[in-house]
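Notes for the one structure printed next.
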Amino acid sequence: MLELLAQTALNATYAASYIALVAVGLVLIFGVMGVINFAHGELFMLGAYAVVALYADLQLNFMMAVMVGLAFVGCVGLLMERALFRPLRDNPLGGLVASIGFLLILQALVVMGFGVRMEHIPPVTQEVIAFSDRVRFPLSRLYVVVAAVVLLTALWLFLKRTRFGWALRASAQDPEAAALQGISINQTARIAMFIGAGLAGVAGALTAPLVSVNPLMGHSVIVTAFIVIIVGGIGSLEGAVVAAVAYAFVHTIVTTFYDGVIADIVGLSLMLLVLIVKPHGLFGTAERA
Amino acid sequence: MSAPLISVDELTMRFGGLTAVDHLSFDVSEGTIHGLIGPNGAGKTTTFNMISGFYRPTGGRITFAGEPISGLPMHEVARRGLVRTFQHSTLFNELSVIDNVLVGTHMLFPPRLVAAILGRDGASRRAARERAEEALSFFGLHHLADELAGELPHGHQRALGMAIATAARPRAVLLDEPFTGMNGEETRRMMELMRKLKASGVTILIVEHDMQAIMGLCDSITVMSFGRLLAEGTPAEIRRNPKVIEAYLGGTPHAA
Amino acid sequence: MPRASAWTLGWLALAVALVLLPQALSFSQQEILVFLTINVLLVSSYRLLTLTGEWSLGHAVIMGVGAYASALVTKWTGLFVPLSMLVGALTAAAVAWVLSFPLFRMKGFYFLIGSFAAGEIIRLLWKRFQDPFGGAKGLKRIEPMPNLDLGFHHFDFFLPTNYYYFALVAVGICLWLMWRVERSPMGLAFHAVHWQDKLAQASGINVRGYRMLAFVLASGFAGLSGALLAHYIGTINPGSFGVEQMVFILTWAIVGGTSTFYGPILGVVVLTILNEIVLRGMGFEQARPLIYGFILILSVLFLPKGLESLVQGAMARWRVAAPRPAPVEREKQA
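Protein chains in written order, with our numbering: chain A, 1 to 289; chain B, 1001 to 1256; chain C, 2001 to 2334.
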């Protein structure tokens, strides 16, 4: 039993890592631009396909593929900012609807490029850290955990210690006041969108060898991310991380003892419960839109 | 004197650590125009919002015609005959003037789904329309019935707000700073409408920042300062009250 | 008088055109016509929901509730199919009623995401429970509409033309009901809740109650559209009512516009014609999601008020050219 719990905790830690990367990006975009990016799961999917193309097909180095995935998806984020969210800045519902349209386009393009089949990606490493006979943690999962911790710490330092970070937080709190202080809204939106999309891309790239990669994989990602950002309070980065960890543990435990679909239902029900009891999330304070 | 129509008893509202309204008590007699005034941040708007059901009070009681109404949602307060207006021109801008007032008649003629589908509610619709036209005529807006509410001049929009509020024949109306942004002529006309409304038997409670504006209008006045009752009386008494003079002239406006 | 008879003539002409329409179409186009008719009901019911100002992302799933309920009722009880469709509609309305208690504690984004989550839970339940929902593969061999002999015509509802007539009558009645609701004092209350919910509430309108009512009514009609679909195609699964279907509903509504009754209908008709005639005709059928994605984005960016705004503009110009003698009274009795 203890071993089962330990194994579950390890699995949950891994899940929490990539969920946190996705959710933090989504919150960052919402905070700065006031729009829910429904295509965030598809950005994750694009990151995974960057690894399919570069690592599985072209046989480049895995880390190289991940870095390119981050940069590429970040640039897709910039495209979204310029083409969709900037013209629709005063229309948050429009922004959300446009991102739904963009989601369809990304899915369709990937289907055209790669087909609908599930992609096979050779494992990066077969090594496993064995704590005991029944408690084992694949090294490839550890990579994801380490990457998430490093990236989120870097983001935290960036937000707290740099001028850009200060500008970003200022415009997340009060866009008009920030504009009055000479902070360019377009500039902060670009940075937020690049980082937010890039985080989703890197999460998709890192986990690509560990999950089933297909053009529709973004759906469960966005559902999970919604749960996490709602539970964590829709504008709170720290809340998103805490909620990601909490959700990952609940989901993994329920999956272990029941099954994955029940775990999804439990997760969604928890989110509805939070919305009912505390409509601004457990860590949320401010309301936008 | 008869029992008051609106009675506020030890009413208290706290926002976090801040006490916006602190054990406030006052009465409004039926058939009068009653002013609730005070400098900025005195807590008048908070009080107004509690009476109208927009806020739920932290403590204390509000009764209307002897019935407790504190904590009831706004539409329940309205259904008991106490209807509020809003600051600025809060209207259904996208609807025609007559449709705006028809919304106001909702309480008198509540819609019924099946009857509406089958066309069996003709009498109710006609009666609602008659009442709405009557309310428009009362406020001199009848000739504008088919205009879009959002396109009316400012003074007419205010009058329309009152027409909506009185369309369901409430016993009392709560007016939130009805003279803000009006010029002299508009103010004079608005006051006339209020006197006319009072003459028709409606009790009026006005929340106003500008003391001078309503001195000539009100029968009695309650003055608030820093969330508490400062003074009560007729306009003449209030004008002479040294505490009121000090609160308005001496104290710097307190931003709360 | 001439005006009224012109309207009657117009409606009559439309009815005749709709009855004759299948004769001009190929078999596969007739099938598409059936779907189009059902989708007209679906998107119109979505507009009814948006009348109070809230946009739901659970409408496709609610449609599915009607489909599943009707299919299962006929399977279990052998109830006459049109009656089971009504049961499906009522079930969808009842589910919506239950959901509305948690959902209408929220507004705006929170309502959007909450409705999405509630829909996903229902979809996961279908997927999880093999019995009775058939799991991920869904329900197969759903009881078809029984044949009907009316003397002058034998209706075999396996044929798309006949099912189209059946759907046309059902959808026509539903549209009429929705029209009557919107044009009643109740519809005025819906609009009031949408444009100024505070002022509406101050006028004694129970804002949450009306939001719930619009949601429940709209869900009933959506459920009926689902039931109509289920008994025609004979097989449904959780994927039939997923995000893609929701995106289609959104696209029709947004491309058409939601401020008029005909806007969403215009949207679904134009996009279906575009999709089936243009895309399929040109062999781009595979690109349907791609094109829908672009259309959704372009219309949000460049035609935010929908196709109906073009119609309104054209009608305004026409009215200026030929002014009407007197305004028609809006509250006129039928």
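Using N, Cα and C, we set each Cβ at its ideal position, and we do this for glycine too. Since the structure is predicted, the reported quantities are computational estimates derived from the model, not experimental observations.
Give me the DSSP bridge partner(s) of residue i.
i       : result
B:I1026 : The sequence given here has Phe at residue 1026 of chain B, not Ile. Partner(s): B:V1008.
A:P138  : A:V128
B:S1257 : Residue numbering for chain B in the displayed model covers 1001 to 1256; residue 1257 of chain B lies beyond these limits and cannot be assessed.
C:H2154 : C:D2149
B:E1067 : B:F1064
B:T1203 : B:A1172
A:E119  : A:V213
B:F1015 : B:L1018
B:L1082 : B:A1172
DSSP three-state label for residue i, please.
i       : result
A:R306  : Past the boundaries of the shown model lies residue 306 of chain A; chain A is included only from 1 to 289, so the question cannot be answered.
B:L1136 : helix
B:F1092 : coil
B:M1211 : helix
B:R1228 : strand
B:A1256 : Any reading at B:A1256 must be qualified, since the residue scores a pLDDT of 37, below 50, and its modelled position is unreliable; no value is offered.
B:G1060 : strand
B:A1020 : strand
C:F2129 : coil
A:V22   : helix
B:G1233 : strand
B:M1194 : helix
C:L2217 : helix
C:L2139 : strand
A:D57   : helix
A:A264  : Here residue 264 of chain A is Asp; the residue named in the question, Ala, does not match the sequence. In this structure, A:D264 counts as helix in the three-state DSSP scheme.
A:R288  : Caution applies to A:R288, whose pLDDT of 37 falls short of 50 and renders its modelled position unreliable; the model cannot decide the point.
A:S184  : coil
Exposed or buried, which one is residue i when buried takes at least 16 other CB atoms within 10 Å?
i       : result
A:V277  : exposed
A:V241  : buried
C:K2127 : buried
C:T2077 : exposed
C:K2140 : exposed
B:H1156 : buried
B:D1099 : buried
B:I1245 : exposed
B:V1021 : buried
A:V150  : exposed
A:A364  : Only positions 1 to 289 of chain A appear in this structure, which leaves residue 364 of chain A out of reach.
C:A2314 : exposed
C:W2007 : exposed
C:L2250 : buried
A:V73   : buried
C:Y2335 : Since the displayed chain C opens at 2001 and closes at 2334, residue 2335 of chain C lies outside it and no answer follows.
C:S2084 : buried
C:G2293 : buried
Residues of chain E with a CB under 9 Å from the CB of residue i: which are they?
i       : result
C:A2287 : Absent from the structure is chain E; the protein chains it does hold are A, B and C.
Open item on the list: Along the region 2107-2127 of chain C, where does the CB come closer than 8 Å to a CB of chain A? Name the residues.
Closed with: Taking 8 Å as the Cβ-Cβ cut-off against chain A, the residues of the region 2107-2127 of chain C that qualify are G2108, F2109, Y2110, L2112, I2113, G2114, F2116, A2117, A2118, E2120, I2121, L2124, L2125, K2127.
Open item on the list: Restricting to runs no shorter than 3 residues, where is the beta strand (DSSP E) found entirely within the region 1149-1178 of chain B?
Closed with: 1172-1176
Task: Selection of the region 2177-2194 of chain C by Cβ proximity to chain B, strictly under 7 Å - done: L2177, R2180, V2181, S2184, P2185, M2186, L2188, A2189, H2191, A2192
- [ ] Determine which residues of the region 1068-1098 of chain B have a Cβ less than 8 Å from any Cβ of chain C, and write them out in chain order.
- [x] P1073, M1074, H1075, A1078, R1079, V1083, R1084, T1085, F1086, T1090, L1091, F1092, N1093, E1094, L1095
Open item on the list: To be precise: take each residue of the region 164-194 of chain A, compare its Cβ to all Cβ atoms of chain C, and keep it if any distance is under 9 Å. Which residues remain?
Closed with: none
Open item on the list: To test your reading of the DSSP string, which unbroken alpha helix (DSSP H) runs of 4 or more residues are found completely within the region 70-115 of chain A?
Closed with: 92-114
Task: chain C contacts made by the region 224-254 of chain A, where a contact means CB separation under 8 Å - done: F226, I227, I230, I234
Open item on the list: Please identify, using Cβ separations under 7 Å, the residues of the region 255-270 of chain A that lie next to chain C, in order along the chain.
Closed with: V261, I262, D264, I265, L268, S269
- [ ] Run through the region 2224-2280 of chain C for me and flag every whole beta strand (DSSP E) of 3 or more residues, listed as ranges in chain order.
- [x] none
Open item on the list: Tell me which residues of the region 2154-2166 of chain C have at least one Cβ-Cβ distance to chain A shorter than 7 Å, keeping chain order.
Closed with: none
Open item on the list: Counting only Cβ-Cβ distances shorter than 8 Å, please list the residues of the region 84-100 of chain A near chain C, keeping chain order.
Closed with: L84, P87, L88, N91, P92, L93, G94, L96, V97, A98, I100
Task: Members of the region 1039-1052 of chain B that neighbour chain C once the beta carbon cut-off is set at 9 Å - done: S1052
TODO: Output, in sequence order along the chain, the residues in the region 202-220 of chain A whose CB is closer than 7 Å to any CB in chain C.
DONE: Closer than 7 Å at the C-beta level to chain C, one finds these residues of the region 202-220 of chain A: H219.
Open item on the list: Counting only Cβ-Cβ distances shorter than 8 Å, please list the residues of the region 2288-2307 of chain C near chain A, keeping chain order.
Closed with: If the cut-off is 8 Å between Cβ atoms, the region 2288-2307 of chain C has P2289, L2290, Y2292, G2293, F2294, I2295, L2296, I2297, V2300, L2301, P2304 near chain A.
Task: Residues of the region 1192-1217 of chain B whose Cβ lies closer than 8 Å to any Cβ of chain C, in chain order - done: Near chain C, meaning a CB-to-CB distance below 8 Å, no residue of the region 1192-1217 of chain B qualifies.
TODO: Jot down the residue ranges of each uninterrupted alpha helix (DSSP H) in the region 2078-2129 of chain C, minimum 4 residues, whole runs only, in chain order.
DONE: 2081-2103, 2108-2128
TODO: Anything in the region 1109-1123 of chain B with a Cβ closer than 9 Å to a Cβ of chain C? List those residues in chain order, please.
DONE: F1109, P1110, P1111, R1112, L1113, A1115, A1116, I1117, L1118, G1119, D1121, G1122
Open item on the list: Please list, in chain order, the residues of the region 2042-2055 of chain C that have any C-beta partner in chain A closer than 8 Å.
Closed with: W2055
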